[in-house]
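Residue numbers (my numbering): 2 to 173. Where a beta carbon is used, it is the ideal one built from N, C-alpha and C, also for glycine. In what follows, a structure is listed as structure tokens, so that the remarks can point back to it.
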């Protein structure tokens, strides 16, 4: 999915684009596979029950893929700071649990950084780095404060709490 998103604008010149950027695409593939292996080893050593059911594995990777695609589309077509950065963290927190959500949030933030670093959008290096920090911190804040929410109003309050560090990073 990440490869399709990155190559979307160059389908007409696919062979030429791949030849020119072969090292970058191989690096992206290596980094993505490395993160998938790290995710597997995390579940293997920390929570084997996730690996025993194929539905759980599909759930984790579906949430991760959905969050990456939505964040990429928002970042590419709206603005890099308009992303739903806590989406993956909150979905994993609600569907699986807090420990798994923390780890998958880190993997999602790193994947977003890899996609941003190698995509052909007009984002500056500074905005790519700050987007990485925003994705990581907003997801963590959402997970840690999401545990305390009991009502819908408290969830809205958590959303407002998430916005504060994001705005500080953007305006610096």
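Asked, Found
"Could you check whether residue 137 and residue 102 sit closer than 7 Å to each other, using their CB atoms as the reference points?", "no"
"Return the chain-ordered list of same chain residues with a C-beta closer than 6 Å to the C-beta of residue 25, the five sequence neighbours on each side being excluded.", "119"
"Between the C-alpha atoms of residue 56 and residue 62, what's the straight-line distance to the nearest angstrom?", "10 Å"
"Just the Cα atoms here: how many angstroms apart are residue 144 and residue 99?", "7 Å"
"Using 8 Å as the threshold, is the stretch 26 to 41 in touch with the stretch 77 to 94, meaning 3 or more CB pairs across them?", "no"
"Could you tell me the alpha carbon to alpha carbon distance between residue 91 and residue 45, rounded to whole angstroms?", "22 Å"
"Quick check on this structure: which residue in 158, 73, 163 and 160 has the alpha carbon closest to the alpha carbon of residue 129?", "73"
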